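For the record, in the sequence shown the residue sitting at position 323 is 316 according to this note's numbering, with numbers rising by one throughout.
Here's the structure, in structure tokens; my notes come after.
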Amino acid sequence: MTLVFVETDESGQVALTSAEALTFARTNADVLAADSFSAGVEAAVIGALTEAATEQLAALGVDRIHHLETADLEAYSAPAWAQALVDIAPETGAVLASGTPRGMELMTHVAVRTGERMAANVVAADEEGLLRQVLGGAAFERLQVGGDLQVLTLAGHACNPEETTPTTPEIFTHSPETAAEDLRVRVVRTEVETADDNDTSGLTQARAVVGAGRGVGSENGFGEVLELVDHLGGALGVSRVVTGLGWRPHTEQVGQTGSRITPDVYIACGISGAIQHMAGIEGAKTLIAINTDEESTMVQRADYAIIGDLHEVIGAVNEEIRNRRG
-6 MTLVFVETDE SGQVALTSAE ALTFARTNAD VLAADSFSAG VEAAVIGALT EAATEQLAAL
54 GVDRIHHLET ADLEAYSAPA WAQALVDIAP ETGAVLASGT PRGMELMTHV AVRTGERMAA
114 NVVAADEEGL LRQVLGGAAF ERLQVGGDLQ VLTLAGHACN PEETTPTTPE IFTHSPETAA
174 EDLRVRVVRT EVETADDNDT SGLTQARAVV GAGRGVGSEN GFGEVLELVD HLGGALGVSR
234 VVTGLGWRPH TEQVGQTGSR ITPDVYIACG ISGAIQHMAG IEGAKTLIAI NTDEESTMVQ
294 RADYAIIGDL HEVIGAVNEE IRNRRG
């Protein structure tokens, strides 16, 4: 049996990354469960469980939903939440979460409390064991966790969320008792940024993303890039160097320390292709590079590449789009 920790958003919907984790658990159920244990998928939801989330979980093939809700669990506390998961974890099987900051922290605590090993950033599983990415996705490692319980996190966008024939999941309600020492570290206040400049949802959900790196030249060099973004109805994504120089806000950063994106097309303009940036765009379906350096990592990894000055290339593209649109 595989237990998946499910994160929900402010509207009560299942988070995209959790939908990915549930799909991974379902499609690899036979591998993750021990031979003597059933190969089903169970979901753990801490806090509110909405009707919409229940329907989503059913569509994603969940057999059982464990709803954990007490006053002590209202605010996020890694030790308390982890112990709640340990209490319902299968004796033989796996506990899985998406590799979000919260998922990584919780699975670390679960591994310590169960005395099991943890595999982070897993991308695949088969009879030979688990495959996980290391060095920001530049390399992969095959490993076997062993033990009675596999504890793992799924790398962001390692699989696409896919619905299946809806199940009718059993819902179990739990009111776990929380030890005082497990509440020593917990969230005491949440401050929500409301300004549009702090919202990354447009970047992570855009079907077309135009990326800009040091090659734009300066803080004032984004004119052509932003026009192309507007033509495509997409979003702007930038490299860490760009935010480090103060040219654009951190909310636009793509990469290991920024947003991980899964657009239909990513156009990388003047970006060399550092490991951290490549980790953030690995989910892009089509990669187009515009760069003066034909030996750069980005050009070598691209599906299509244009060798040239980005301002000249994008300027020509924008002009052609304007002409065709009249």
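For glycine and all other residues, C-beta sits at the position ideal for the given N, C-alpha and C.
Just so we're clear, the structure is a prediction, and the values are computed from it rather than from any experiment.
Is residue i buried or exposed, if buried means 16 or more other CB atoms sit within 10 Å of its CB?
| i | result |
| --- | --- |
| Glu0 | buried |
| Leu238 | exposed |
| Thr244 | buried |
| Gly92 | buried |
| Asn316 | exposed |
| Ala188 | Caution is warranted here: a pLDDT of 47 is assigned to Ala188, below 50, making its placement in the model unreliable, and no coordinate value can be reported. |
| Gly248 | buried |
| Ile300 | exposed |
| Arg233 | buried |
| Arg182 | exposed |
| Gly210 | exposed |
| Arg177 | exposed |
| Ala41 | exposed |
| Ala295 | buried |
| Pro94 | exposed |
| Glu312 | exposed |
| Phe215 | buried |
| Asn153 | exposed |
| Gly319 | exposed |
| Thr146 | buried |
Of all the options the options, which has the alpha carbon lying nearest to the alpha carbon of residue i?
| i | options | result |
| --- | --- | --- |
| Lys278 | Ala151, Leu89 and Val180 | Ala151 |
| Ile58 | Ala64, Glu48 and Leu176 | Glu48 |
| Phe17 | Ser4, Phe(-2) and Gly5 | Phe(-2) |
| Arg200 | Glu163, Ala112, Ile254 and Val231 | Ile254 |
| Leu280 | Glu212, Asp286 and Gly204 | Gly204 |
| Thr10 | Ala41, Val116 and Ala75 | Val116 |
| Glu163 | Ala36, Val231 and Ala71 | Ala36 |
| Val138 | Glu156, Ala87 and Ser265 | Ala87 |
| Asp175 | Arg106, Gly210, Gly208 and Thr157 | Arg106 |
| Pro242 | Gly248, Gln249 and Val231 | Val231 |
| Glu275 | His102, Met291 and Leu89 | Met291 |
| Ile283 | Val306, His270 and Ala75 | Val306 |
| Asp56 | His270, Thr(-5) and Ala82 | Thr(-5) |
| Leu128 | Asp302, Gly273 and Thr157 | Gly273 |
| Ala118 | Val24, Ile260 and Asp302 | Val24 |
| Thr157 | Ala52, Glu134 and Glu44 | Ala52 |
| His167 | Met271, Gly54, Glu44 and Leu78 | Leu78 |
| Gly227 | Ser70, Thr285 and Val258 | Val258 |
| Asp302 | Ala22, Ile264 and Arg179 | Ile264 |
| Glu3 | Thr43, Ala12 and Thr161 | Thr43 |
| Ser289 | Ala26, Thr160 and Ala267 | Ala267 |
| Ala12 | Ala90, Asp80, Val218 and Gly33 | Ala90 |
| Gln246 | His270, Pro256, Ile260 and Leu225 | His270 |
Bridge partners of residue i, per DSSP?
| i | result |
| --- | --- |
| Ile328 | This structure cannot speak to residue 328, because the chain is shown only from -6 to 319. |
| Gln49 | Gln49 is not bridged to any residue. |
| Ile260 | Val203 and Ile281 |
| Pro161 | Looking at the sequence provided, one finds Thr at residue 161 rather than Pro. DSSP output for Thr161 lists no bridge partner at all. |
| Glu35 | Leu(-4) and Arg57 |
| Gln143 | Ala87 |
| Asp119 | Gly122 |
| His167 | Leu61 |
| Ser252 | Val247 |
| Thr1 | Val7 |
| Ala112 | Leu145 |
| Val127 | Ala132 |
Using a Cβ-Cβ cut-off of 7 Å (strictly less than) and excluding sequence neighbours within five positions of residue i, which residues of its own chain qualify?
| i | result |
| --- | --- |
| Asp141 | Glu84 and Thr85 |
| Val310 | Leu221 |
Given residue i, which residues of its chain have a CB within under 8 Å of its CB, disregarding the five upstream and five downstream residues?
| i | result |
| --- | --- |
| Ala46 | Val(-1), Thr1, Gly5, Gln6, Val7 and Val38 |
| Ser29 | Only weak support is given to the placement of Ser29: the predicted model assigns it a pLDDT of 45, under 50, and the value that follows is read from those uncertain coordinates. Here the set comprises Thr85. |
| Glu67 | Gly40 |
| Ala261 | Gly204, Gly206, Ile274, Leu280, Ile281, Ala282, Ile283, Asn284, Met291 and Ala295 |
For residue i, I'd like the list of residues in its chain whose CB is within less than 6 Å of its CB, leaving aside the five on either flank, ordered along the chain.
| i | result |
| --- | --- |
| Glu212 | Trp240 |
| Thr171 | Asp65 and Ala73 |
| Glu155 | Thr16 |
| Ala148 | Gly92, Asn114, Val116 and Gln126 |
| Val144 | Val88, Met100, Val103, Ala104, Glu109 and Met111 |
| Tyr297 | Ile281 |
| Gly208 | Gly263 and Leu303 |
Where do the N-terminal and C-terminal ends of the alpha helix (DSSP H) with residue i fall, by residue?
| i | result |
| --- | --- |
| Ala18 | Leu9 to Thr20 |
| Glu98 | Pro94 to Thr107 |
| Ala73 | Ala71 to Ile81 |
| Arg294 | Thr290 to Arg294 |
| Ala272 | Ile268 to Ile274 |
Counting along the chain, where does the beta strand (DSSP E) carrying residue i start and finish?
| i | result |
| --- | --- |
| Val222 | First-last for Val222: Gly216 to Leu225, but that is the alpha helix (DSSP H), not the beta strand (DSSP E). |
| Gly230 | Ala228 to Val231 |
| Glu184 | Glu184 -> no beta strand (DSSP E), and no H or E assigned at all. |
| Arg135 | Ala132 to Leu136 |
Check the Cβ-Cβ distances between residue i and every residue of chain D, and say whether any is below 7 Å.
| i | result |
| --- | --- |
| His102 | In the displayed structure, chain D is absent; only one protein chain is listed. |
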